[in-house]
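If you read the sequence shown in numbering that gives the first Met the number 0, its first letter stands for residue 0, the second for the next number, and so on.
Yeah, the Cβ is synthetic: ideal placement off N, Cα and C, and Gly gets one too.
Everything numeric in this text was worked out from a predicted model, so none of it was measured.
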Amino acid sequence: MYQFPAQSTIESLPLIDDLRERRRRGRRIASEKLLVTYEQNFGSLPVAVMKSLHDWCDELDEGIVMEAIEFAVKKGGRTFSYLEKILKQWKNVGLENVEDVRNYIDQPRSSNMVLFKARNKPDEQESLFDELRREGEFG
């Protein structure tokens, strides 16, 4: 006769265990809205990324994480690593709420967001033809 295991498979999944442990310790977790927003803008949501989003929501605040997602999308970022760079910078600067984030974003570019300035294109090498023409003009 078949006996059912003491716990169902769903109850023993590592993600479920992680969420239970977070709640037991009083840590915040990302809302369904934030997770759906991430998926809609960045694609699939691997378990490791979901855990990281929970950690960021606990560390900064869910509103800040949501602002970071929106900021990353506006800047053309499409990876979790890009989003995480934004969150690390905002944490290092000491932003504590959504209002701080919005004020920080609105600051002139020269004083913030060093990580997110557009990269300068490398100077194109002068072609041999251009070099010869230049030498002929001054020669």
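Per DSSP, Q106 lies in no alpha helix (DSSP H) and is assigned neither H nor E. Between I63 and V35 a beta carbon distance of about 18 Å is seen, past the 8 Å cut, so the two are scored as non-contacting. In terms of Cβ geometry, I85 and H53 do not form a close pair [threshold 8 Å]. Assignment of L33 by DSSP, reduced to helix, strand and coil, places it in the helix class. Secondary structure note for N91: its alpha helix (DSSP H) is the uninterrupted segment F79 to V92. The alpha-carbon of E38 is positioned some 11 Å away from that of R77. Sixteen is the threshold: when 16 or more other Cβ atoms of the shown chains lie within 10 Å of the Cβ of E61, as they do, the residue is buried. The C-beta distance from D57 to R26 rounds to 5 Å, short enough to fall under 8 Å. According to the DSSP assignment, L52 belongs to the alpha helix (DSSP H) that extends over V46 to E58.
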